[in-house]
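Reviewing the structure listed below.
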Amino acid sequence: MAALLTKMGSSAQGRMLSDLWKRGLTTAVQQEVLPELPYDYNALQPVISAEIMLLHHQKHHQAFVTGFNKALEQLTTASDPRAIVALQSAINFNGGGHINHSIFWNNLAPLKREEESHQKEI
1 MAALLTKMGS
11 SAQGRMLSDL
21 WKRGLTTAVQ
31 QEVLPELPYD
41 YNALQPVISA
51 EIMLLHHQKH
61 HQAFVTGFNK
71 ALEQLTTASD
81 PRAIVALQSA
91 INFNGGGHIN
101 HSIFWNNLAP
111 LKREEESHQK
121 EI
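Position 84 of the sequence shown, counted from 1, bears residue number 84 in UniProt numbering, the numbering being contiguous throughout.
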């Protein structure tokens, strides 16, 4: 394969790599969705307000999900190897933000109420 690519001109190499890349992609990319929180927005009060949780989840995290889906959709239609490589940063940034926030929500836990803790001891 390397010898074949060396004999080809750069535009022919690009077309061949694009064709190989496209054959590996499915036409329908699975869209990511904003995960539900495992607790109510007000569950972390008084440490984190419901308003901040709502904003962070529905606006900030949603922006990562939207950006990731947009980059993946653009990837399915990219035909130029340079365009494909250029999309990597958007996929990494938004995909990483989505994954990190999904982990973040699950690592947070509401405060245990004193009576709930007492009932579990009995």
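Even for Gly, the Cβ is constructed at its ideal location relative to N, Cα and C.
| field | residue 31 (DSSP reduced to helix, strand or coil) | value | The sequence position of residue 31 within the sequence shown is 31, counting from 1. Three-state DSSP puts residue 31 in coil, outside helix and strand.
| Straight-line CA distance for residue 26 to residue 107? | The sequence position of residue 26 within the sequence shown is 26, counting from 1. The sequence position of residue 107 within the sequence shown is 107, counting from 1. Reliability of the predicted coordinates at residue 26 is poor, the pLDDT of 47 falling under 50, and the value obtained from them is presented with this limitation in mind. Roughly 34 Å separates the two Cα atoms.
| From 88, 52 and 87, residue whose alpha carbon lies closest to that of residue 42 | For this step, residue 42 is matched to residue 42 along the sequence shown. The option with the nearest alpha carbon to residue 42 is 52.
| request: Drop a sphere of 10 angstroms on the beta-carbon of residue 86, count the other beta-carbons inside from all chains shown, and report buried for 16 or more, exposed for fewer. | output: For this step, residue 86 is matched to residue 86 along the sequence shown. Exposed, because fewer than 16 other Cβ atoms sit within 10 Å of the Cβ of residue 86.
| said: Restricting to Cα atoms, I'd like to know which of 77, 89 and 65 is closest to residue 101. | reply: For the purposes of this step, residue 101 is taken as the residue at position 101 of the sequence shown. Check the Cα spacing between residue 101 and each of 77, 89 and 65: the tightest is with 65.
| query | Hey, how far is the Cα of residue 71 from the Cα of residue 77? | reply | To locate residue 71, count along the sequence shown from 1; it is residue 71. To locate residue 77, count along the sequence shown from 1; it is residue 77. C-alpha separation (whole angstroms): 10 Å.
| said: Mapping the DSSP letters down to three states, classify residue 42 as helix, strand or coil. | reply: As a working mapping, residue 42 is identified with position 42 in the sequence shown. In the three-state reduction of the DSSP assignment, residue 42 falls in the coil class.
| Run through DSSP, which three-state label would residue 50 get? | On the sequence shown, position 50 is the one that residue 50 refers to. If DSSP states are grouped into helix, strand and coil, residue 50 belongs with the helices.
| query | Do you know how far the Cα of residue 30 is from the Cα of residue 50? | reply | Indexing the sequence shown from 1 puts residue 50 at position 50. Indexing the sequence shown from 1 puts residue 30 at position 30. Straight-line spacing of the CA atoms in residue 50 and residue 30 works out to 31 Å.
| field | Reduced DSSP secondary structure (H/G/I, E/B, other) of residue 79 | value | On the sequence shown, position 79 is the one that residue 79 refers to. Residue 79 carries a coil assignment under DSSP once its states are collapsed to helix, strand and coil.
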